[in-house]
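Going letter by letter, the sequence shown gives residues 236 to 642 in the working numbering.
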Amino acid sequence: MSQISAARGVTRRFGVLAAIAVLAALAVHSGTARADGPGSGSPWVATVGDSYISGEAGRWAGNSNAGSGGIDALGSTAYYDNASGSGEAISGCHRSKSAEVFIGGGVNGVNFACSGATTATSDGSSFKPGLDFYSNGSKQGQALALQSFAATHNVKMISLSIGGNNFNFASVVQTCVTDWLLSPSWWKDYCNDDSSVTANFTAANVAAQTAAIKGAILNVRQAMTNAGYTDAGYKIVVQDYESPLPSGSGFRYGESGYTRQNTGGCGFWNNDANWANSTALPTINNAVRNAAAQTALSNVKVLELQSAFNGHRLCENTVGLLEEKGLTSWTQAGAVDKSEWVNQIRTVSTVFGPYYVQESFHPNYWGQLALRSCVRQAYNGGTPRGGTCTIAGSGLSSRGEPNMALN
């Protein structure tokens, strides 16, 4: 081979190597070398579970019997979450724009939770995705939906709220209100000894629902494993439930007459309210916490919320309806401090206008933003942690949220 031919061969090889190097560099700089997914890309927080995390009642900033306009913080599109913003992705899930998942600060949020959900999917008269891998055409359980999403997004934390509907929360509340409405103050019929209520709190049912909640948490873990994550790559933050109602001595309306329900939307006898706070809620929350512990997963944390709304609960004597506090709008100064953070209980016969029965007894706009603050602090700058979240002070933070503290 001549010296000229050899030189040309070296030049060609050098040129090919240089071209490969340039292409590789371009691929890295163009961002196409590694797609978003486990550990790569902008961080996300996902929420899964039921109405206490989906954003149910998040449209309403406090309560008022003087018309809906003064408390309508989000308007008629509050629950629109489909891709075009024209309606709900799943009818009745009520994933509101004030939901706790949207913590901001460079962290994205996705909400798979659904009002009315239990640990298992229900696909009867209305579709309610549970924390499982159910699949029927376009219908998916929340675990399966999370798995698909997490495979192409960098999910750092999953906030989870589930179990209340396993204990038939809505029907228990309905029974308590019905017993209050249909019995006089001189012959009170309490719900806490009704067989339909006590059946939810037997030792056998508590054990069964604890196991179901544990299985739901493990399904979330399996979804993340299937999506390509190790346990070290993300955290599951399991939330328990807030107390929505004060104990008997904390009501601002008396037991006699109908004011407690007709005005306040909180038709519980004192005895039943005491039972709800001392027995029912702790039983459900213990089931949630025990289920989290029984998973024995190192990446599971617990966010305790039982006392998060104390002082701002429905019909509590420290707050009031807008008109009871001399307010006409939720936007007025000090409204957050004077308002209830839990939506009134509405019955089928009393619901009117833009309200839904299913919004009853859920964190409203102020409650959702308070929980959002708790979740942001739990995210902890990308190193998620658990703790107990409570009110830290009056007024609103720089983010326009109630001031909360996670300890």
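Beta carbons are placed, not taken as given, at the ideal position from N, Cα and C, and that holds for glycine. Values in this document were obtained by computation on a predicted structure and should not be read as measured data.
| Item | Value |
| --- | --- |
| Residue 282 versus residue 455: straight-line alpha-carbon distance, rounded | 11 Å |
| Check whether residue 321 and residue 314 have beta carbons under 8 Å apart | no |
| Close Cβ partners of residue 406 (< 6 Å) along its chain, the five nearest in sequence each way excluded | none |
| Cβ separation of residue 415 and residue 486, assumed to be a contact under 8 Å, to the nearest whole Å | Going by Cβ atoms, the distance from residue 415 to residue 486 rounds to 12 Å, so no, they are not a contact pair. |
| Rounded straight-line distance, which links the Cα of residue 528 to that of residue 564 | 44 Å |
| Cutoff 7 Å; reference residue 525; Cβ partners in own chain excluding five residues on either side | 445 |
| With 16 other Cβ atoms within 10 Å as the buried cut-off, status of residue 587 | exposed |
| Same chain, Cβ closer than 8 Å to residue 631, neighbours up to 5 away in sequence not counted | 571, 637 and 638 |
| Separation of residue 274 from residue 589, as counted between CA atoms | 43 Å |
| C-alpha distance - residue 623 paired with residue 351, whole-angstrom precision | 25 Å |
| Stretch pair the segment 490-505 + the segment 414-429: three plus CB contacts closer than 8 Å | yes |
| Pick from 536, 507, 530 and 541 that is closest to residue 520, judged by C-alpha positions | 541 |
| CB contact below 8 Å: residue 619 versus chain C | Chain labels in this structure do not include chain C; a single protein chain is all it has. |
| Best match in 472, 294 and 462 for proximity to residue 534 [C-alpha to C-alpha] | 472 |
| Beta-carbon spacing of residue 550, residue 501 below 8 Å | yes |
| Assigned secondary structure, residue 627 (DSSP; H/G/I helix, E/B strand, else coil) | strand |
| Top-ranked residue by Cα proximity to residue 594, from 277, 271, 288 and 272 | 288 |
| Start-end ranges of the beta strand (DSSP E) lying completely within the segment 463-519, minimum 3 residues | 470-474 |
| Sequence ranges, beta strand (DSSP E) only - wholly within the segment 349-404, length at least 3 | 389-396 |
| Residue 625 burial status per 10 Å Cβ neighbour count (16 or more: buried) | buried |
| 6 Å CB neighbourhood of residue 257 in its chain, flanking five on each side removed | At residue 257, the pLDDT of 36 sits below 50, so the modelled position is not reliable and the matter cannot be decided from this model. |
| Stretch-stretch touch, CB-based, cutoff 8 Å, three pairs: the segment 375-382 with the segment 423-440 | no |
| Neighbourhood of residue 470 by C-beta distance below 7 Å, restricted to the same chain and skipping five residues each side | 392, 534, 536 and 619 |
| Length of the line joining the Cα atoms of residue 507 and residue 614 | 36 Å |
| Pairwise C-alpha distance: residue 603 and residue 307 | 14 Å |
| Simplified DSSP assignment, three categories, for residue 640 | strand |
| Span of the beta strand (DSSP E) around residue 282 | 278-284 |
| Close Cβ partners of residue 481 (< 6 Å) along its chain, the five nearest in sequence each way excluded | 548 and 551 |
| Beta-carbon proximity check, residue 574 vs residue 302, cutoff 8 Å | no |
| Bounding residues of the beta strand (DSSP E) (the contiguous stretch that carries residue 538) | 535-539 |
| Residue 371 classed as buried or exposed, judged by whether at least 16 other C-beta atoms fall within 10 angstroms | exposed |
| Range covered by the beta strand (DSSP E) that runs through residue 346 | 343-346 |
| Between the CA atoms of residue 309 and residue 449 - distance to the nearest angstrom | 35 Å |
| Per DSSP, the bridge partner or partners of residue 275 | 272 |
| Residue 420 (DSSP reduced to helix, strand or coil) | coil |
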